[in-house]
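Those letters in the sequence shown? Residues 0 to 522, per numbering that gives the first Met the number 0, in order.
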Amino acid sequence: MRNETESLASYIDALHPIIYINHFDFKVIDEALTNVAQGAKVVEFNNALGAINFYTKSPVMECELEQFLKLSMDDGFESDTIIVLKDIHDQLSNPKVIALLKRIAEDNLYRDEYHATIFIISSKIVIPCELENYITVFDIPLPTNIEIMDIIHDFVKDLEMEVDQETVNDITLSFKGLNEFQIKQILNLAYQDGGYIDAEDKQLILKEKEQFIKKSGMLEIVNFKETIEDIGGLENLKEWLEKKAKVFNNLDKAIKFGVDIPKGIMIIGMPGCGKSLTAKATAGLFEIPLVRLDVGRLLGKYVGESEENMRKALKLSEAISPCVLWIDEIEKAFSGVGGDGGGSDVTTRLFGQFLTWMQEKENTVFIVATANDISKMPPEFLRKGRFDELFFVDLPNGEERRKILEIHLKKRGKWTKDIDSIALIKETEGFNGADLEAVVKDTIENAFIDGRQTVTTADMQKSIKDTKSISSTLKDKISQIKETISKIDIKPASKEEIKAISKINIHEAAKKATGFLGSRNRN
Ligand code: ADP
Numbered sequence: 000m001r002n003e004t005e006s007l008a009s010y011i012d013a014l015h016p017i018i019y020i021n022h023f024d025f026k027v028i029d030e031a032l033t034n035v036a037q038g039a040k041v042v043e044f045n046n047a048l049g050a051i052n053f054y055t056k057s058p059v060m061e062c063e064l065e066q067f068l069k070l071s072m073d074d075g076f077e078s079d080t081i082i083v084l085k086d087i088h089d090q091l092s093n094p095k096v097i098a099l100l101k102r103i104a105e106d107n108l109y110r111d112e113y114h115a116t117i118f119i120i121s122s123k124i125v126i127p128c129e130l131e132n133y134i135t136v137f138d139i140p141l142p143t144n145i146e147i148m149d150i151i152h153d154f155v156k157d158l159e160m161e162v163d164q165e166t167v168n169d170i171t172l173s174f175k176g177l178n179e180f181q182i183k184q185i186l187n188l189a190y191q192d193g194g195y196i197d198a199e200d201k202q203l204i205l206k207e208k209e210q211f212i213k214k215s216g217m218l219e220i221v222n223f224k225e226t227i228e229d230i231g232g233l234e235n236l237k238e239w240l241e242k243k244a245k246v247f248n249n250l251d252k253a254i255k256f257g258v259d260i261p262k263g264i265m266i267i268g269m270p271g272c273g274k275s276l277t278a279k280a281t282a283g284l285f286e287i288p289l290v291r292l293d294v295g296r297l298l299g300k301y302v303g304e305s306e307e308n309m310r311k312a313l314k315l316s317e318a319i320s321p322c323v324l325w326i327d328e329i330e331k332a333f334s335g336v337g338g339d340g341g342g343s344d345v346t347t348r349l350f351g352q353f354l355t356w357m358q359e360k361e362n363t364v365f366i367v368a369t370a371n372d373i374s375k376m377p378p379e380f381l382r383k384g385r386f387d388e389l390f391f392v393d394l395p396n397g398e399e400r401r402k403i404l405e406i407h408l409k410k411r412g413k414w415t416k417d418i419d420s421i422a423l424i425k426e427t428e429g430f431n432g433a434d435l436e437a438v439v440k441d442t443i444e445n446a447f448i449d450g451r452q453t454v455t456t457a458d459m460q461k462s463i464k465d466t467k468s469i470s471s472t473l474k475d476k477i478s479q480i481k482e483t484i485s486k487i488d489i490k491p492a493s494k495e496e497i498k499a500i501s502k503i504n505i506h507e508a509a510k511k512a513t514g515f516l517g518s519r520n521r522n
């Protein structure tokens, strides 16, 4: 807590009249405040007991917050005073409480003979607009690697355990992104689990960590099995990612060599064509966790709450880094930016906050933003410098459709060389990846119901006929996406198909282009 104590003290010196600490572990904060107090008078209010002695926690006088503030507000004339208010967020809508806090804050700022600083400590941030200019939110930074190691060392020492340094190094990394209280709680769990701490506890740590991150309600750790091989087509995008993976897999060396840390990509395009799949495969390829940011979940009802949540979510992602931060359907998250009305004001601010963070970021959080329709997205978002690259994912071309069908058949152990996937290219025109997957699932289910062991080209053709493709169901949306895309500078995610394929006889051309497969299919 040494650094925190120093910064808290400097906040007091700089006349920040109300310091809001967003924390649930009062013990940790009390320690820091004791260091900060340095002989100043400290008075504390507790919701259950009223006025209490800050050092002994024994009750001094039963009272309501309003009364407490009235009684303590003049203390600042007599001596340097610290007023500690815990978990009072529910009372920050009471006009009298607000007025009293404002009065203390103003006296602190404008009257030389008055010295009282208010500390609000609460697990929830509530900032009434009347106090917006007086409140400074103070963050207790999450422990660094060295601090985490110290926590582990202290823990094992207290329990007189032997843990080798390699294990400590190993589990230290798994604890990144958690606060001291959470780390201790998990260490306790791991200890109770087996009576010792070893490298195998990493799984438990990760599981518990997931829980904490989930409970924070801002980020979600996404578990996935998908790899880059599960993506059919999108060769340009995959090649690009494979290059960046070389950097991410050797971050230390790359940074020392002077390579800029990749910032992230935006993948725009047709629904069901592998955008989410790519987000997952990217994390797999980079060998780092995938965390999803749901901007909708950050919206709060109090002034500044949403911005505060966004700040925390981005900070948490940095704490967990290196990681892939996935923002799905980003157009929905930031729709209404620049529009009228209260709701869109908040979104515009969040959007600006996110852009600044992206622009300035020098961390190892790799953004994958995915979007279907960007016609309502503010143009600043797409400007160079934010993302390393923008990719457009179109409906799969013939060759890609063939690959996607094969991937899904193989996944289910039903791919045989007797299936003439080239013959299916023409019949699946206008299908997206999800449609093709549905065709495969349908075919396999039908074969099972009919009591057959394998599936044939004819089975596939039947399912294709029974499937309504995205091009027929979402015709207008698709042309709208194409129209928007045509106006921006964006790279195609797919390699261009050999032109002849779509122009001449599709079957023959595809056979020529994939000569060896064609000959295998004829056997
Ligand atoms: P979106 O582009 O809307 O994010 P998804 O990536 O979620 O679409 O795709 C939905 C499903 O369709 C995937 O889980 C996958 O099974 C299948 N799919 C889509 N595109 C492809 C592709 N290019 N290769 C293999 N499967 C795909």
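Don't be surprised by glycine CBs; every beta carbon is placed ideally from N, CA and C.
Endpoints, alpha helix (DSSP H) assigned at residue i
{"i": "A457", "result": "456 to 465"}
{"i": "Y109", "result": "94 to 109"}
{"i": "T277", "result": "274 to 285"}
{"i": "T369", "result": "Taken as a continuous stretch (DSSP letters only), T369 belongs to no alpha helix (DSSP H), being part of the beta strand (DSSP E) at 364 to 370."}
{"i": "W414", "result": "From DSSP, W414 is part of no alpha helix (DSSP H); its letter is neither H nor E."}
{"i": "T33", "result": "25 to 36"}
Enclosing beta strand (DSSP E) for residue i [first to last residue]
{"i": "F137", "result": "134 to 137"}
{"i": "M148", "result": "Counting along the chain, M148 falls outside any beta strand (DSSP E), though it belongs to the alpha helix (DSSP H) covering 144 to 157."}
{"i": "I196", "result": "No beta strand (DSSP E) contains I196, which DSSP labels as neither H nor E."}
{"i": "I20", "result": "17 to 21"}
{"i": "I266", "result": "263 to 268"}
{"i": "I326", "result": "322 to 326"}
{"i": "T226", "result": "Element bounds for T226: n/a, residue is neither H nor E."}
DSSP three-state assignment for residue i, whether helix, strand or coil
{"i": "V592", "result": "Nothing can be reported for residue 592: it is not among the residues displayed for the chain, which extend from 0 to 522."}
{"i": "A499", "result": "Residue placement at A499 is flagged as unreliable, the pLDDT there being 44, under the threshold of 50; a coordinate-derived value is accordingly withheld."}
{"i": "E219", "result": "strand"}
{"i": "M309", "result": "helix"}
{"i": "S121", "result": "strand"}
{"i": "T116", "result": "strand"}
{"i": "E388", "result": "strand"}
{"i": "T171", "result": "helix"}
{"i": "L569", "result": "The first residue shown for the chain is 0 and the last is 522, placing residue 569 beyond what the model contains."}
{"i": "I185", "result": "helix"}
{"i": "R559", "result": "What is shown of the chain runs 0 to 522, which leaves residue 559 out entirely."}
{"i": "K510", "result": "Interpretation of K510 is limited by its pLDDT of 49, a score under 50 that renders its predicted location unreliable; no figure is taken from the coordinates."}
{"i": "C62", "result": "coil"}
{"i": "G72", "result": "Per the sequence shown, residue 72 should be read as Met rather than Gly. In the structure shown, M72 sits in coil (DSSP, three-state: anything other than H, G, I, E or B)."}
{"i": "R534", "result": "This structure cannot speak to residue 534, because the chain is shown only from 0 to 522."}
{"i": "R357", "result": "For the record, residue 357 in the displayed sequence is Met; it is not Arg. Three-state result, M357: helix."}
{"i": "L394", "result": "coil"}
{"i": "K440", "result": "helix"}
{"i": "N249", "result": "coil"}
{"i": "N431", "result": "coil"}
{"i": "K490", "result": "strand"}
{"i": "T55", "result": "coil"}
{"i": "I484", "result": "helix"}
{"i": "A47", "result": "coil"}
Cβ distance (whole Å) where residue i is taken to contact residue j below 8 angstroms
{"i": "A492", "j": "F430", "result": "Between F430 and A492 the Cβ distance is about 17 angstroms, and since that is not below 8 angstroms, they are no contact."}
{"i": "S468", "j": "D434", "result": "5 angstroms"}
{"i": "E219", "j": "D293", "result": "7 angstroms"}
{"i": "I87", "j": "L64", "result": "6 angstroms"}
{"i": "R110", "j": "V221", "result": "About 53 angstroms separates the two Cβ atoms, so there is no contact after all."}
{"i": "E328", "j": "A370", "result": "6 angstroms"}
{"i": "V155", "j": "I185", "result": "No, V155 and I185 are not in contact; Cβ-Cβ is about 14 angstroms, not under 8 angstroms."}
{"i": "E129", "j": "I97", "result": "5 angstroms"}
For residue i, the nearest candidate out of the options (CA to CA)
{"i": "E530", "options": "R400, I418, Q352, L394", "result": "Only positions 0 to 522 of the chain appear in the structure, and residue 530 is not among them; the question remains open."}
{"i": "G38", "options": "H15, N45, S78", "result": "S78"}
{"i": "A542", "options": "S173, E61, T55, A104", "result": "This structure gives no information on residue 542, because the portion of the chain shown stretches from 0 to 522."}
{"i": "K95", "options": "L473, P127, D74, K183", "result": "P127"}
{"i": "D387", "options": "T346, I489, N52", "result": "I489"}
{"i": "L565", "options": "I230, R296, F285", "result": "Lying outside 0 to 522, the shown extent of the chain, residue 565 is not represented and no answer is given."}
{"i": "T346", "options": "E330, Q358, K360", "result": "E330"}
{"i": "L170", "options": "E159, K494, I182, M160", "result": "The sequence given here places Ile at residue 170; Leu does not occur at that position. Nearest C-alpha to I170: I182."}
{"i": "I230", "options": "F118, R400, K314", "result": "R400"}
{"i": "F211", "options": "F223, E179, G193", "result": "E179"}
{"i": "R385", "options": "D419, R411, F350, Q90", "result": "F350"}
{"i": "K40", "options": "I17, L177, T80", "result": "T80"}
is_contact[residue i, chain D] using C-beta, thresh 8 angstroms
{"i": "C322", "result": "Checking the listed chains, one finds no chain D in this structure; it contains a single protein chain."}
**Message:** Taking 8 angstroms as the cut-off, does the stretch 142 to 151 touch the stretch 24 to 40 (at least 3 CB pairs, one atom from each stretch)?
**Reply:** Contact between the stretch 24 to 40 and the stretch 142 to 151 is absent: fewer than 3 CB-CB pairs across the two stretches fall below 8 angstroms.
**the stretch 314 to 325 / the stretch 361 to 374 touching (three or more Cβ pairs under 8 angstroms)** = Touching, yes.
**Message:** Counting beta carbon pairs with one atom in the stretch 231 to 249 and one in the stretch 261 to 277, are three or more of them shorter than 8 angstroms?
**Reply:** Cβ pair count under 8 angstroms is three or more, so yes.
**Asked** Between the stretch 203 to 221 and the stretch 253 to 268, do three or more beta carbon pairs fall short of 8 angstroms?
**Response** Using a C-beta cut-off of 8 angstroms, the stretch 203 to 221 makes no contact with the stretch 253 to 268, since fewer than three inter-stretch Cβ pairs fall below that distance.
**Prompt:** For the stretch 345 to 360 against the stretch 395 to 414, are there 3 or more C-beta pairs whose distance is under 8 angstroms?
**Reply:** The count of Cβ pairs closer than 8 angstroms, one atom from the stretch 345 to 360 and one from the stretch 395 to 414, stays below three, leaving the stretches out of contact.
**Asked** How do the stretch 397 to 411 and the stretch 432 to 449 stand: do at least 3 beta-carbon pairs fall below 8 angstroms, yes or no?
**Response** Touching, per the Cβ criterion.
**Stretch pair the stretch 149 to 158 + the stretch 49 to 65: three plus CB contacts closer than 8 angstroms** = Here the stretch 149 to 158 makes no contact with the stretch 49 to 65; the two share fewer than three CB pairs at distances below 8 angstroms.
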